[in-house]
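Under UniProt numbering, the letters of the sequence shown match residues 1 to 204, in that order.
Yeah, the Cβ is synthetic: ideal placement off N, Cα and C, and Gly gets one too.
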Amino acid sequence: MGETKRRRDEYAEATRNAIVEAARDLFSSGGYAKTSLDDIADHARVTKGAIYHHFANKRAVFEAVLADVDQRFIERVRQEIGATASGWDALSSALNAYLDAALDTAFCEMALKEGPIALGWQRWRETQEHVAEHFTDLVKERCMDEFVREMPSALLMNSIIGALHEMALAVSNSPNPQQARKEASALIGELVESIRVPRSARPG
Numbered sequence: 001m002g003e004t005k006r007r008r009d010e011y012a013e014a015t016r017n018a019i020v021e022a023a024r025d026l027f028s029s030g031g032y033a034k035t036s037l038d039d040i041a042d043h044a045r046v047t048k049g050a051i052y053h054h055f056a057n058k059r060a061v062f063e064a065v066l067a068d069v070d071q072r073f074i075e076r077v078r079q080e081i082g083a084t085a086s087g088w089d090a091l092s093s094a095l096n097a098y099l100d101a102a103l104d105t106a107f108c109e110m111a112l113k114e115g116p117i118a119l120g121w122q123r124w125r126e127t128q129e130h131v132a133e134h135f136t137d138l139v140k141e142r143c144m145d146e147f148v149r150e151m152p153s154a155l156l157m158n159s160i161i162g163a164l165h166e167m168a169l170a171v172s173n174s175p176n177p178q179q180a181r182k183e184a185s186a187l188i189g190e191l192v193e194s195i196r197v198p199r200s201a202r203p204g
């Protein structure tokens, strides 16, 4: 009995994963509005009933896809930051790593472009808050000692993340993405320099 349940659970998980992967591919390539549950079922090679077994509607499928994309994004940024030294260099590396990860097709399409359309602005903001929180924690751990201005760290990081999202959208929509990415990197350098204070200039 236990073995049967285990296999049933494994099959259910595999089916759900197939649905999420298929939906991610279709939402990224064709957009949320133009993708139907029938399309997802065909792409995942499951029945439409199987989708409804796991998800209430297409919006619920999108939320699952977005959660998966966000988690992959966070892990990628974590790995990139972990490969750098702590301190000032890590701050610049962290922001560039965030931008590069944000330029990933799945994240850019799902989190930045399709998210507000599929979920509405308020719900989309709620789903993205944990991404900002994770990134802020990483930056605090490795880089915050280099920040120069006295300001609330949450407000500071939210402002920076908002700027990075706008950069990612600008680069992805640019007719010359490589040049736009270089310009974004230079802008990141200017941004972080503006919030840095030399150690010699700090009190104590």
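With distance defined between alpha-carbon atoms, name the residue in the options nearest to residue i.
| i | options | result |
| --- | --- | --- |
| A118 | S36, E3, H53, K5 | S36 |
| P165 | L138, Q128, D137, D38 | Note on residue identity: the sequence assigns His, not Pro, to residue 165. For H165, the nearest C-alpha among the options comes from Q128. |
| G120 | E63, S92, L91 | E63 |
| I51 | A18, R76, Q71, V192 | A18 |
| A180 | I161, L103, A111, H53 | L103 |
| Y98 | V20, N176, Q122, R72 | R72 |
| S159 | D42, P175, F135 | F135 |
| E141 | K182, R78, P177, S174 | R78 |
| E193 | P116, W124, S92 | S92 |
Determine the extent of the alpha helix (DSSP H) in which residue i is found, giving its start and end residues.
| i | result |
| --- | --- |
| S185 | 177-193 |
| G115 | 115-119 |
Just to confirm, is the Cβ distance from residue i to residue j under 8 Å?
| i | j | result |
| --- | --- | --- |
| V131 | M157 | no |
| I81 | A94 | yes |
| V61 | F55 | yes |
| L48 | D38 | The sequence given here has Lys at residue 48, not Leu. Against a cut-off of 8 Å, the Cβ pair of D38 and K48 comes out as a contact. |
| residue 215 | M167 | This structure leaves residue 215 out entirely; the chain is present only between 1 and 204. |
| Y32 | E126 | no |
| L191 | A163 | yes |
| A22 | D70 | no |
| A90 | R24 | no |
| E109 | S28 | yes |
| N96 | I195 | no |
Evaluate residue i with the Cβ neighbour count: other Cβ atoms within 10 Å of its Cβ, from every protein chain shown; 16 or more gives buried, anything less gives exposed.
| i | result |
| --- | --- |
| D137 | exposed |
| K58 | buried |
| L26 | buried |
| A83 | exposed |
| R16 | buried |
Indicate whether at least one CB of chain C lies closer than 8 Å to the CB of residue i.
| i | result |
| --- | --- |
| L119 | Annotation note: the requested chain C is absent from the structure, which comprises a single protein chain. |
message: Give the list of continuous alpha helix (DSSP H) stretches no shorter than 4 residues that lie fully inside the stretch 5-74.
response: Here the runs fully enclosed are 37-44, 48-54.
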